[in-house]
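Reviewing the structure listed below.
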Amino acid sequence: MSTLSSNLTGPTRYRRWTRAERAGTPRGIRGVLARLAWLRGFGSGTWFAIVRAGVKRANKDAQLRFLLWFGLSFVAGTTGLFYALATLEILAGSPQARGLYDMARGLLGVDLSGVQRVGEFRELLWRTVYLLTLKVQLFWVMTTVSRVGPQLIAQDIRTRALPIYFSKPVTPRTYLLGKWLILAVVVGLVTFVPNLLSLTLGVMVTGGLATWAQTLHLAGDLALASGGIMVLAGLLILALSSLSADKRYVSVAWFALCILPVIAQGIINENVPRDARAHWLGSISIYGDCNVLIGWLFDMRSRFDASGLPSEAFARALPRDVEPLYPALVLGGLCVLALVVCYRRVVRFSRSAASVA
Amino acid sequence: MPAIIETHQLRKHYGKVAALRNVSLTMEPGVVGLLGPNGAGKSTLLSVLLGQVPSTGGSAKVLGFDVAREQFRIRRRIGFMPENDCLIAGFTGIGYVHYCGRLAGMSHAAAMQRGHEVLDYVGLGEARYRPGEEYSAGMKQRLKLAQALVHDPDLLFLDEPTNGMDPQGRVLMLDLIRDLGRCGISVLLSSHLLPDVERVCQRVVIMANGDVLAQGDIANMRTPHPTRYAVTVLPGADRAFEQALRERSVRVEAAKPSGTFAIELPGVNTQHLVYEAAREAAATVSGLAPERSSLEAMFMAAIRRQDAA
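So the sequence lines, in the order shown, correspond to chains A and B.
The opening residue of the first sequence carries number 2 in our numbering; numbering runs sequentially from there.
The opening residue of the second sequence carries number 143 in our numbering; numbering runs sequentially from there.
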């Protein structure tokens, strides 16, 4: 008798599940509570298991944790600006407000020195603050996604883990949804969470419920902007990750995709007349396109026109004069392409799962 | 006994290449070996049965569920152990098995409890908190078996489970497979190692070129050898019996102290020589049985038959 045969007696003997265990719910009060927990949560889905494991693994990355915590500094920055603007509402026109005018000009590119009732333009000013914050946060998203995204599918390809996924009741769609949600959590922690937090704090330091009602639409627009960034960044990095088994190549491709078009756009802007780049030529940078669409979403141009403020007052804050249609087509096309690429790759791997073995 | 796998005229074509040609097989509960040379269609058959690849024609049922329409019900009740390393990086042993349990639809608590149980069972209890990357080849094989077992499947697909294992580890793995069969879990064992299959399987399916060449109980499929026999005599006249056999041109290949001789007769239907030798040596023959062909011989014969056809 082998060593193992002797081990197979006693506590290490294989135990088949009882019917109650297979059903997944214990009896009695514990069973009732388990059913309630099942109703409350949605944790029984396999996609949730993928998200949970992915977020737990991402949380082990010390550099990512640092990036996320540092990203919360946006909360302090924007809340500080809201507090300064609230102070300016009180001090507008007085000599004490001079420093605040300078600060608004320096940070936001907004000249408020001729404005007597700053409070009337509060929403426009706050939108300007968030427009500029999101511009910076897009870089933050690029960096944090580069820490989490490249290995999401590439590592499963490298370690040949896909046969394991697709021998369980997991579909390619479930798999991709789980992987995308890991990125959505990270992008949300960089964009939506700090912005919503600073908005809440801004309302608190400015004036309470009246301000809340005035800026309620802004919360929705911030959620939409963050959602758009989640979809775009998530799909792009997943598509790149599905194309290679080496996460280093994916990282290089990701930075190239983010940075090279920005450089190319800069060169085009230098050398091509403004009218000629109003359409496609002005829409090749993902970063620039995101900014145009966020500006369009925030409805900056029409809000500014309705404010009656002189155009030079918001010179830096207003989005470029590019039709949002072209950036939307470029980014939408990229999203569709990325979705098709990663879906086809994962389906291919799911079909060859047993053959791989 | 209801069949756990039933296929009828199952076909799978990759373009013009036929990976499965009208495969019809019935697998009853138990440990079944799936044998075949490379390119025989074993992996394609597993893919189709797992519901990962749609078949081109025919039908297949696993555990009573149609593979085309009820693949997720099937996957909830089967465990799959791939041949290659498939460990997800960054997990400890228990973390990996727990994750696989969650992917199989188990709750967090159930997956954790079962994870510990199956790791104990496969003998990785001591190493459960070590990262999977630090495991030896044999431990990784057992970890793969643990992930396949975590949701207590009714049917296991094992693809080369003893690959890369040292002799002791191989014996342990085969013991585990045999024990699982005794616990009521059916096993489809795909392997190139015929001694492994012979050791744990009651039945085999032999495939080549996408066809099923033979299937059935190993014991029934083994053909008796026409001239090789094992003869047993009662103790007392062993030496004289051996000498009498040699005088009749019977080749004595091995003689055991228990009185059993492996012999090769000079021709077909010459068993009477054994009894004549016994009479001359005053020995009592207590057993005379033809030597059965080995699984390897069966396998090679099936392949030769197909080549000839």
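Using N, Cα and C, we set each Cβ at its ideal position, and we do this for glycine too.
| Contacts around Leu-258(A), its chain only, beta-carbon distance under 8 angstroms, and the 5 residues preceding and following it disregarded | Leu-237, Leu-241, Ile-287
| query | From Ala-54(A) to Thr-175(A), what does the alpha carbon distance come to, in whole angstroms? | reply | 14 angstroms
| query | Tyr-241(B) CB to nearest chain A CB: under 9 angstroms? | reply | Closer than 9 angstroms: yes.
| message | When you compare the CB of Arg-153(B) with every CB in chain A, is at least one pair closer than 9 angstroms? | response | no
| Coil, strand or helix - Asn-164(B) by DSSP | strand
| request: Would you identify the three-state DSSP class for Ser-286(A), choosing helix, strand or coil? | output: coil
| query | Should Lys-203(B) and Glu-148(B) be called a contact, given that it needs their Cβ atoms to be closer than 9 angstroms? | reply | yes
| For the beta strand (DSSP E) that Glu-433(B) lies in, which residues bound it at each end? | 427 to 434
| said: Let me see if you follow: with CB-CB separation under 9 angstroms, is Arg-16(A) close to chain B or not? | reply: Closer than 9 angstroms: yes.
| query | So who's on the other strand from His-218(A), going by DSSP bridges? | reply | Looking at the DSSP output, His-218(A) bridges to nothing.
| field | Segments assigned beta strand (DSSP E), at least 3 residues, entirely inside the stretch 352 to 394 of chain B | value | As summarised for the stretch 352 to 394 of chain B, the continuous beta strand (DSSP E) elements at least 3 residues long and confined to that stretch are 353 to 359, 366 to 375, given in chain order.
| task | Give me the Cα-Cα distance between Arg-302(A) and Asp-227(B), rounded to the nearest whole angstrom. | result | 57 angstroms
| Cutoff 6 angstroms; reference Thr-168(B); Cβ partners in own chain excluding five residues on either side | Cβ neighbours of Thr-168(B) within its own chain (closer than 6 angstroms, five residues either side excluded): Ala-145, Glu-148.
| request: Can you give me, in chain order, the residues of the stretch 160 to 183 of chain A that have a beta carbon less than 7 angstroms from any beta carbon in chain D? | output: Checking the listed chains, one finds no chain D in this structure; the protein chains it contains are A and B.
| task | Leaving aside the five residues before and after Asp-62(A) along the sequence, list all residues of the same chain whose C-beta is less than 8 angstroms from its C-beta, in chain order. | result | Sequence-distant partners of Asp-62(A) (beyond 5 residues in either direction) whose C-beta falls short of 8 angstroms from its own C-beta, in its chain, are Arg-148, Val-149.
| message | Please list the terminal residues of the continuous beta strand (DSSP E) segment that includes Lys-61(A). | response | From DSSP, Lys-61(A) is part of no beta strand (DSSP E); its letter is neither H nor E.
| request: Would you mind giving the Cβ-Cβ distance between Tyr-15(A) and Asp-321(B), rounded to the nearest angstrom? I have them listed as a contact below 8 angstroms. | output: Confirmed, about 6 angstroms.
| If you follow the beta strand (DSSP E) that Thr-149(B) is part of, which residue opens it and which one closes it? | Element bounds for Thr-149(B): 147 to 156.
| said: Suppose the cutoff is 7 angstroms on Cβ atoms and the five residues either side in sequence are ignored; what does the same chain contact list for Asp-308(B) look like? | reply: The residues are Gly-280.
| Cα-Cα separation between Leu-187(B) and Leu-300(B), rounded to whole angstroms | For Leu-187(B) and Leu-300(B), the distance between alpha carbons rounds to 13 angstroms.
| task | Taking only beta-carbon positions, decide if Ala-63(A) is within less than 9 angstroms of chain B. | result | Residue contact with chain B for Ala-63(A): absent (no Cβ-Cβ distance below 9 angstroms to any residue of chain B).
| query | Looking at the structure shown, is Phe-83(A) part of a helix, part of a strand, or coil, going by DSSP? | reply | helix
| request: Spell out whether any CB of chain A is found under 9 angstroms from the CB atom of Arg-104(B). | output: The first residue shown for chain B is 143 and the last is 451, placing residue 104(B) beyond what the model contains.
| The beta strand (DSSP E) with Ala-404(B) in it runs from where to where? | 402 to 406
| Near Leu-153(A), what residues of its chain come up, given a Cβ to Cβ distance below 6 angstroms and the 5 sequence neighbours on each side ignored? | Lys-180, Ser-242
| field | Cβ of Ile-295(A) within 9 angstroms of any chain B Cβ | value | no
| request: Return yes when the Cβ of Ile-51(A) is within less than 9 angstroms of the Cβ of Leu-198(A), no when it is not. | output: Not closer than 9 angstroms, so no.
| field | Cα-Cα separation, Gly-193(B) to Ile-220(B) | value | 11 angstroms
| said: For Ile-146(B), would you say it is in contact with chain A, using Cβ-to-Cβ distances shorter than 9 angstroms as the test? | reply: Ile-146(B) has a beta carbon lying at 9 angstroms or more from every beta carbon in chain A.
| message | By the DSSP assignment, the alpha helix (DSSP H) with Phe-350(A) in it spans what residues? | response | 326 to 352
| Looking at the C-beta of Cys-343(B), does it have a partner C-beta in chain A at a distance below 9 angstroms? | no
| query | Per DSSP, Thr-234(B) forms a beta bridge with which residues? | reply | Pro-273(B)
| field | Where Arg-346(A) falls, given that 16 or more other Cβ within 10 Å makes a residue buried | value | buried
| query | Considering only the beta carbon of each residue, do Gly-175(B) and Arg-345(B) sit closer than 9 angstroms? | reply | yes
| field | Buried or exposed by the 16-neighbour rule on C-beta atoms within 10 Å, applied to Trp-255(A) | value | buried
| said: Quick check on the burial criterion: 16 or more other C-beta atoms within 10 angstroms. Buried or exposed for Glu-276(B)? | reply: exposed
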